[in-house]
Structure formats: C-alpha cells, structure tokens
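*Asks:* Residue numbers (the numbering used here), protein chains in the order written: chain A, 81 to 422; chain B, -1 to 542.
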Amino acid sequence: MLRPDLLLQPTPKGLYCPPGDFYLDPVRGAVDRAVISHGHSDHARGGHGKVLAHPDTLAIMACRYGASFAKATQALDYGEPVSINGVTVWLSPAGHILGSAQVVLDYKGLRMVFTGDYKRRFDPTCASFEPVTNTHVLISEATFGLPVFRHPDTGREIERLLHSLATFPERTHCVGAYSLGKAQRVIRHLRLAGHDAPIYIHSSLEKLCAHYQSVGIDLGVLVTVPAGEQAKAAREACRGQVVVAPPGSFEGKWAQNFPDPVIAFASGWMSIKQRAKQRGVELPLVISDHADWDELTRTVQEVNPSQLWVTYGREDALVRWAELEGRRARPLRLVGYDEEVS
Amino acid sequence: MYGLMQAFADLLDRLVLTPSRNGKLRLMMAYFAAAPDPDRGYALGALTGDLDIPGVKPAMIRDLIADRMDAGLFAMSYDYVGDLAETVSLVWPGDRRANRPPPLSDIVETLSGASRAEAPGLVAGWLDDLDTTGRWALLKLMTGGLRIGVSARLAKLALAQFGEKDVTDIEEIWHGLASPYESLFAWLEDRAEKPAPDIAAPFRPVMLAHPLVPKADRGNPDALDPALIRPDTFAAEWKFDGIRVQASAERGTRRIYTRTGDDISRTFPDVVAAMDFEGTLDGELLVRTTDGAVAPFNALQQRLNRKTVSKRQMETHPAFIRTYDILQDGGTDLRARPFRARRQSLEAFVAGLSPARFDLSPLVPVTDIAALDAARLAPPSPEIEGLMLKRWDSAYVAGRPKGLWYKWKRDPYLVDAVLMYAQRGHGKRSSFYSDFTFGVWRAAGGEDELTPVGKAYFGFTDAELKQLDAFVRANTIERFGPVRSVTANKETGIVLEVAFEGLQRSPRHKSGIAMRFPRINRIRWDKPTAEADRLETLVALLPD
Chain A
81 MLRPDLLLQP
91 TPKGLYCPPG
101 DFYLDPVRGA
111 VDRAVISHGH
121 SDHARGGHGK
131 VLAHPDTLAI
141 MACRYGASFA
151 KATQALDYGE
161 PVSINGVTVW
171 LSPAGHILGS
181 AQVVLDYKGL
191 RMVFTGDYKR
201 RFDPTCASFE
211 PVTNTHVLIS
221 EATFGLPVFR
231 HPDTGREIER
241 LLHSLATFPE
251 RTHCVGAYSL
261 GKAQRVIRHL
271 RLAGHDAPIY
281 IHSSLEKLCA
291 HYQSVGIDLG
301 VLVTVPAGEQ
311 AKAAREACRG
321 QVVVAPPGSF
331 EGKWAQNFPD
341 PVIAFASGWM
351 SIKQRAKQRG
361 VELPLVISDH
371 ADWDELTRTV
381 QEVNPSQLWV
391 TYGREDALVR
401 WAELEGRRAR
411 PLRLVGYDEE
421 VS
Chain B
-1 MYGLMQAFAD
9 LLDRLVLTPS
19 RNGKLRLMMA
29 YFAAAPDPDR
39 GYALGALTGD
49 LDIPGVKPAM
59 IRDLIADRMD
69 AGLFAMSYDY
79 VGDLAETVSL
89 VWPGDRRANR
99 PPPLSDIVET
109 LSGASRAEAP
119 GLVAGWLDDL
129 DTTGRWALLK
139 LMTGGLRIGV
149 SARLAKLALA
159 QFGEKDVTDI
169 EEIWHGLASP
179 YESLFAWLED
189 RAEKPAPDIA
199 APFRPVMLAH
209 PLVPKADRGN
219 PDALDPALIR
229 PDTFAAEWKF
239 DGIRVQASAE
249 RGTRRIYTRT
259 GDDISRTFPD
269 VVAAMDFEGT
279 LDGELLVRTT
289 DGAVAPFNAL
299 QQRLNRKTVS
309 KRQMETHPAF
319 IRTYDILQDG
329 GTDLRARPFR
339 ARRQSLEAFV
349 AGLSPARFDL
359 SPLVPVTDIA
369 ALDAARLAPP
379 SPEIEGLMLK
389 RWDSAYVAGR
399 PKGLWYKWKR
409 DPYLVDAVLM
419 YAQRGHGKRS
429 SFYSDFTFGV
439 WRAAGGEDEL
449 TPVGKAYFGF
459 TDAELKQLDA
469 FVRANTIERF
479 GPVRSVTANK
489 ETGIVLEVAF
499 EGLQRSPRHK
509 SGIAMRFPRI
519 NRIRWDKPTA
529 EADRLETLVA
539 LLPD
C-alpha cells in the first residue's frame, strides 16, 4: 500500500495531495485547486482557482465573499464520489456547521479521512457526523483535545440562559456567538426550548441568518438591532430579551450599551472559569461546535484507523492518549489556524 | 433532571462571575425563593462560612484522580486550568453519572457523620454522581473557602431582601441559629414568629455615624449646622484607625464581633481572656507597639484573618480595646439611655477592667467648630483618622440614624501620580475604563521609570470619567484582556492627584508600599508627567 505521506502532506499552504494536485482547506494564499471542508474563515478563503465543496458550503462562501469567490466551483453532495487526477474524493457529514464535511480520499487501496472540524452531539442546524469505516489514516482536529474539555448537554446550557432571563427579566441578555453556525444553532436551540419571543441580532448576522432560514432552518422572528440614531430606543426594547452578536462586537461598547446587560458567551472555551472571567463574561454557556475530549477519543476508537494524525489545537494530549491506547499517532503541525476563531 | 445540588452549584458558578453587588443579591434571593428546606439552609451556611463540615485535603483529591487517569494527561490538564478543584471537576470520568444526584443536604448530613477513613469513598461516589459544575461546587465546599466574592454580610442582606425584613434583625439573632436555618426561613416567609434563640452574648447591631457635611451643602439632608457644635450638644472623641468591635460577655460566654456581626473571638484570645465582666462594650480594636503606644493599622493587620494566633504574635502584637460606649451592663440594657448617661456608666465599668486590655476613649474638649477643626487637622497621633461627634442626648440606635453621630476625618494625603493602566469597570460603569492603576517615578539603572503604587476606581465625577475613558482609548499601547496600558513617559501621559489615608510597607507590591483607600482627587491636566511625585516622597511617609 502507498505510504500515507505520499497521498497527503503538510505544506506551508496547507495539507497537499500530490497525486491529485489539490489542497485541503488552504489558508495561506490562493491555490489552483482546493477542497474545502466547511465555510469558517480559517478553513475557507476566497480567491482560489477551482473549489470543490458541499453545496451548502459553496453557498455560505458566496454569502460571505460574494458570488465570484473562486474562478470555478464544483458542488459535491455527501457520499458522492468524484475523481481528481485519479484520486477518489467524497464527503461525509462532519456535524460541525451547515455544509460541514469530512473529506475522504481513496487512492490505490489507501483511505485517508480528514475530519475538518467536527462534533458528535445533536445540532438542529446541520447533518450529523457519520464515521467513515475502513479508514487507514484518520486526520483528526483537536481544538478541545485536553481531558478538561467535556462539554455539557446543550439543552442544559440553553436552560441556564432561560433561567437567567427569568431571574433578571429587566436585563438584556447579550449572547456572544460566532456569526456562522454557532449563532444560528443557539437561536434554533432556543426555539426548540420554547422561547418564541423575537430574538435581536447584530447587523453582521443578518445575511447568514437569512441564508439559514432560506434553506429551511426555522430561526423564528429575528430583529436586527439598528445602528445610529434609532439605536437608543431600539436598545431599550431589548430589556429582558436575547440579543445574539459576534464576539468581536463585545470588545468595544456595542454590547455594553444595552440596558443593564448580562454578557453571555456561547463557546467551548467557557468551561474554564478563568477564560470566562478574563473576557468579562457573566454567563458562560458551554456550547461548542467542536468535538470535546470524550467525542474525540470515542471517534478514534470507533473509526479505529491504523494511524492517527492530529492537527488544529492541542495535539500533544490526544497523541499521548492514543499512544497509551497502543495506537500509532503523530502531531501534524499545520500553520495558520487560529484557535480562538471557532 | 435538574437536581438540588445543581441548583446550588449553578448559584456559586454565577456568583463567581457576577461583578455587581445587586446582581449577586438577586441571584441569592432567587435561589432562596426556589430551593426547599433544608437545602437552602445548608447553602446559606456555606455562603456565610458557618457551615461546619469536615474538610478534605487537596492530597486526597489528587489521590482520587490519580487512580482514575494517566498522570501525564492530568498534568497537562492541571497546567492548562491552574486550579485543582476546577481541573478535577472537569477531568473526572463522567460515565457513571446518577440520574438523581444527591441534594446538598444529603451530602452535608452524610459527611458530618462520616469518619476520616470513610471520606474518600463518599467523595468519590458523589463526584461520580454529579455533573461538572456540581463536582466543582462540592470540591470547593470541601477544600474550604468558596472564594466567590460574597461576604457573610451580603448573604444576610439577600436574606433580608428576600424576606422583606431588616438586616439588623437577622444579625441580632444570627449567632443563635445554625444550618439549616429552618426557623429563620419560616420567619422570613411569614410562616412563623421571629426566632428568639436563647443565646448568651448575642451580637447587638451597631450604631454608625454619617460623614460631617457643612450646612453650606444645602442639597445634602445630613448636613450639620456648625452652630450646633457646642459643649452642651455634642461630645467629641478621636476616631482611631483600628477595627470597630463589640465585646460581649454573658453567663460565661465571651465574644468579640465585628461591626457586621462576624465573630472574631478566636483571633483575639488575649483580649477574650480579659473579658471577666458581664456586659457589652463598643470600641476600637487596636494593637500596641512594644513600648505601649498605639501601633499603626498594618500591625493590627498582622493579627486579622487568622484562625489561630501564635503566642509570639500575641507578645509582639498585643491587642486591646479602646472603648467608646456601653450597651449592656450586667442585666441592664442601656441602649435607650442618652449618650451622657452611657458615658458615665462606661467610665465606671471600664475602671474595673484590666487596663492592658481595656481603656477609655478620651473625650476631646468641645469649644467651637474652629477649635475642633484645628484638632481634626492636627491629631496627637498619626493613628487617628479624625474626630467623632456624638450628640449628648443620643440613644444607641442600630444602623446609621440621621442627626445623631458624625465622623469628621482629617484631610487625606495627596500624591501626584501618572496613569499607567486602566481596566474596564463593572456594573453601571462597565462600558468605561474606570479602574486606574497609577505610578510614581523612581530611579532604575541610571534612568527614571514609573513604578505602580496603587489603583483607584472612584473619586472622579461622571464627566471626568468620560474624559479619562477617552484618554485611555486614544492612548492605548497594549491590551491584556480587560486591561489596557496607556502612554506614560516623561513627555506624554496624564497626571492624577491621588488622595489616600495612609501607607504601609508591602512586600507583595513591586514598589514595596501599599496605599489605604486611594481615590482620584482631581485630574492634573496642567501638570507635566515629568513633574509627578517620586517614590522617595512616598517612602518618607511610611511609619518606621
């Protein structure tokens, strides 16, 4: 069988497949041909030549970067194989955000699976992760690759938010959530928990929320918080309501200008109290779009690859765990990945 | 299901991260309203520090986790989180969670009856049963010291607001009650009469003074007409810089309380030993120097916040009470009598006590306000903060009644310092940079550098806060989380006139000094940073 590092190798531009002549999620400069796992900006950049991705990912990229984000695009549904210079490529759902996929490469009897970002728990805004069997090399993300990251049940975190809303009915609950995926997921979970009041959103979330609604994900009534002159009266209307905004808007005065705000933040990092404290978060909501430690280790056991490559995040602990399990494992240090972004 | 222990754990979790006092009160009130007896009573005991359960040592917790996970993975985890209880709560294997985790009351009651050998097994079982936040709360509770930014006083205030009662009523009976406080909650919910525990030497709520405001300040209802300060209306005493206490001895029980009713008897056995009387005295707890004079406040600080006190500390820092008032003499409650009568009783009472441990706060002669002003500005000792003015006809009234007692502090020390760092405030001020760290010049390697000497977050007006905030935003050099460092050198920067009450040596601070009650007196827009004060100026103010 082919040596795995001849099929995929880390390069400064990203993971490169020499026989297929394409990159997986290249983030350092434009490339001629890219396969993209999902629409987050630390994986999907504009300006490449040909881009192959799930149709939802292509739509998200068009939404963020404009229709001409690549010279040519090719949409690929889950489970639909395509050949690129003799390398068979297909996608399997990753459960991370709408359109997110694991990328499977089959070549000369060797199967390599690149998870991209993934999670295993229920997410009402995207397809659930499907493990790929008969995998020789699993390239796993490790954003939360430390045993301290054990994300609680999402429903309980949503309950905590609603409980706070009941305890402080005159305070604005400002929830920081990444604009792609997390924001829509938090809103959808609130709806599932029976919260049917209008939810106020930062204007930068407008386009992506509209896109989610257009593909049939019901986010209920959303009201954009206006800027400028009307802002003050509109902010007063947010007392006792939920406002969802990207984390960046919490660094300035945007969130602080609401009446008596409770600053909440939906992120896997929020399980560490010091992290919450440093960011001035009063109500940390441990809601993550990444696999936690238990999900990472369970997935490796389930896929049972002959080799594990670990990337994106805390490689060392997951590699140590794999070695204790008697597995072959190596860290794959890819550059350009920003741990705080997703 | 959402268990009772989870409700308690969520309360602690939110209290840790809620900066505003009002927010904390609301969280506690909501918890008291929702949680049943006896759980809420044990939670109350945990919040006030009155819950007496056998503690466990961190070593035991380390042993428990070592049996359950790889040492290398634990080391990486602990390294990342930095707090043992939190790390263990996060990494504990979660696959054996109970459907119905035990309520707090079960845990407390079981632990109280358990032997030392049984504890590890019990703790491990509970850690299995609970979720992450529950495990964290349990470990915090058992390793002692919740450190969640809630004082016993704040918890009692939350109780008072929850039951719409007066907090002094709660403080008065507090020491006769114990976890799980069912009779207290019954009264707060108007289901029963106020508990009347038969306790010896209970805390009697303290009388406090208003700051003296001249009549010219017409907007202030507490303003005092200087013409009223006459020998026949007001008595004057020095305001000593110690801690206000109440010493109470009844039927063999001897207690020293702080002014909020915290029992600190154990910290001052030297004073307690001399309380061979029946009665209740109000006074200032102070420490003597070896030659018998009143020592500076930081000498007293050496004795505070200790559970046990060494013999040596009692010899080098002997404590005593300088008495101000008498509330109870034997079986007689004197509180309704006028200050003039109480003062006579006090003088007679203290005459019979050990002079090394109890003496009398001397009266300062009152002639007119000008003479008092002069005395206030030049007190006979630097350990005096100013004057107390008390109406001769004032009864001893709990709380801060209007028009009876006034405190008139001497002027603060002033220093011109340079703004170095700013941090975003809390609550109403959270949209402003309102916590300011300032420094003074000192020589370092042939050049001058700024060394931080204190932090202030009040003293300025709203308008000044806006100006400071704008300066910080426009002159940021670096950001460290919520903190920004601002331009501060010999050419540019901003000079703050800082007022403070005193200085102490502090090895914990880089500059070697710590300020008492620093606040921003004014912004010296006019003063070049190069002309700000030097560290030597401050060092010269230090007590020897």
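Every residue gets a Cβ at the ideal spot worked out from N, C-alpha and C, and that includes glycine.
Pull out every residue of the region 273 to 300 of chain B whose Cβ sits closer than 9 Å to any Cβ of chain A, in chain order.
*Replies:* none
*Asks:* Evaluate A/A311 with the Cβ neighbour count: other Cβ atoms within 10 Å of its Cβ, from every protein chain shown; 16 or more gives buried, anything less gives exposed.
*Replies:* exposed
*Asks:* Please state whether the Cβ-Cβ distance between B/A233 and B/K388 is less than 8 Å.
*Replies:* yes
*Asks:* From the beta carbon of A/E221, is the nearest beta carbon of chain B less than 8 Å away?
*Replies:* Chain B has no Cβ within less than 8 Å of the Cβ of A/E221.
*Asks:* List in chain order: all unbroken beta strand (DSSP E) runs of 3+ residues lying wholly within the region 204 to 282 of chain A.
*Replies:* 217 to 222, 253 to 256, 279 to 281
*Asks:* In the region 115 to 146 of chain A, which residue ranges form an unbroken alpha helix (DSSP H) of at least 4 residues, counting only runs that do not cross its ends?
*Replies:* As for any alpha helix (DSSP H) of minimum length 4 sitting wholly inside the region 115 to 146 of chain A, the runs are 135 to 145, ordered along the chain.
*Asks:* Mind pulling the chain B residues with CB within less than 7 Å of A/R230?
*Replies:* L88, G92, T130
*Asks:* Give the secondary structure of B/F456 by DSSP, where H, G and I count as helix, E and B as strand, and everything else as coil.
*Replies:* coil
*Asks:* Could you give the uninterrupted runs of the beta strand (DSSP E) lying entirely in the region 347 to 407 of chain B, keeping only those of 3 residues or more?
*Replies:* If we require 3 residues or more, the beta strand (DSSP E) runs fully inside the region 347 to 407 of chain B come out as 356 to 358, 382 to 389, 403 to 407.
*Asks:* Just confirm the distance between the C-beta atoms of B/L325 and B/Y394, as a whole number of angstroms; I'd bet it's less than 8 Å.
*Replies:* 6 Å
*Asks:* Can you tell me the Cα-Cα spacing of B/P377 and B/R517, whole angstroms?
*Replies:* 22 Å
*Asks:* Please list the segments of the alpha helix (DSSP H) lying wholly inside the region 256 to 334 of chain B, counting only runs of 4 or more residues, in order along the chain.
*Replies:* 267 to 271, 295 to 299, 309 to 314
*Asks:* Once the 5 residues before and after B/L42 are set aside, which same chain residues still bring their CB inside 6 Å of it?
*Replies:* Within the same chain, and ignoring the five residues on either side of B/L42 in sequence, the residues whose Cβ sits closer than 6 Å to its Cβ are Y179.
*Asks:* Which chain A residues are close to B/Y78, counting only those with a beta carbon under 7 Å from its beta carbon?
*Replies:* L226, V228
*Asks:* Using 8 Å as the Cβ pair cut-off and three pairs as the minimum, do the region 143 to 155 of chain B and the region 79 to 92 of chain B touch?
*Replies:* no
*Asks:* Excluding the five sequence neighbours on either side, which residues of its own chain have a C-beta within less than 8 Å of the C-beta of A/V399, listed in chain order?
*Replies:* L388, V390, A409, R410, P411
*Asks:* Which runs of the beta strand (DSSP E) at least 3 residues long sit entirely within the region 440 to 527 of chain B? Give them in chain order.
*Replies:* 445 to 454, 474 to 478, 481 to 484, 493 to 498, 500 to 503, 511 to 514, 517 to 522
*Asks:* Going by beta carbon distance, what residues of the same chain come within less than 6 Å of A/E221, once the five residues before and after it are set aside?
*Replies:* T195, D197, Y392
*Asks:* Shortest alpha-carbon distance to B/W236 belongs to which of B/L351, B/E191, B/D371?
*Replies:* B/D371
*Asks:* Determine which residues of the region 378 to 403 of chain A have a Cβ less than 9 Å from any Cβ of chain B, and write them out in chain order.
*Replies:* R394, D396, A397, R400, W401
*Asks:* For B/L351, is the classification buried or exposed, using 16 other Cβ atoms within 10 angstroms of its Cβ as the cut-off for buried?
*Replies:* Burial call: buried.
*Asks:* List, in order along the chain, the chain B residues whose C-beta lies closer than 9 Å to that of A/N337?
*Replies:* S429
*Asks:* Nearest by alpha-carbon distance to A/G296: which of A/I219, A/P341, A/L178 is it?
*Replies:* The residue from A/I219, A/P341, A/L178 with its alpha-carbon nearest to that of A/G296 is A/L178.
*Asks:* With respect to the beta strand (DSSP E) encompassing A/Q293, which residues constitute its N-terminal and C-terminal limits?
*Replies:* No beta strand (DSSP E) contains A/Q293, which is instead part of the alpha helix (DSSP H) from 286 to 294.
*Asks:* Could you check what DSSP says for A/K188 in three-state terms: helix, strand or coil?
*Replies:* coil
*Asks:* Looking only at its own chain, which residues have a Cβ that is under 8 Å from the Cβ of B/M58, when we skip the five neighbours before and after it?
*Replies:* A117, P118, V121
*Asks:* Would you identify the three-state DSSP class for B/P118, choosing helix, strand or coil?
*Replies:* helix
*Asks:* Distance cutoff 8 Å, beta carbons only. Does A/R319 sit that close to anything in chain B?
*Replies:* no
*Asks:* Measuring alpha carbon to alpha carbon, tell me which of A/N214, A/C206, A/S180 ends up nearest A/M192.
*Replies:* Out of A/N214, A/C206, A/S180, A/N214 has the C-alpha closest to the C-alpha of A/M192.
*Asks:* Taking any Cβ of chain B, which residues in the region 341 to 358 of chain A have a Cβ under 9 Å from it, in chain order?
*Replies:* P341, V342, I343, S351, I352, K353, Q354, A356, K357, Q358
*Asks:* Does B/P480 come within less than 8 Å of chain A when only Cβ atoms are used?
*Replies:* yes
*Asks:* Looking at the unbroken beta strand (DSSP E) that takes in B/A247, where does it start and where does it end?
*Replies:* For B/A247, the enclosing beta strand (DSSP E) starts and ends at 241 to 248.
*Asks:* Span of the alpha helix (DSSP H) holding B/Y179?
*Replies:* Unbroken run through B/Y179: none, as it is neither H nor E.
*Asks:* What are the boundary residues of the beta strand (DSSP E) that A/I164 is part of?
*Replies:* 162 to 164
*Asks:* Tell me the start and end of each unbroken alpha helix (DSSP H) in the region 114 to 173 of chain B that is at least 4 residues and wholly inside, in chain order.
*Replies:* 117 to 127, 130 to 140, 150 to 161, 165 to 172
*Asks:* Taking Cβ-Cβ distances below 8 Å as the criterion, which residues of the region 25 to 51 of chain B are in contact with chain A?
*Replies:* L25, A28
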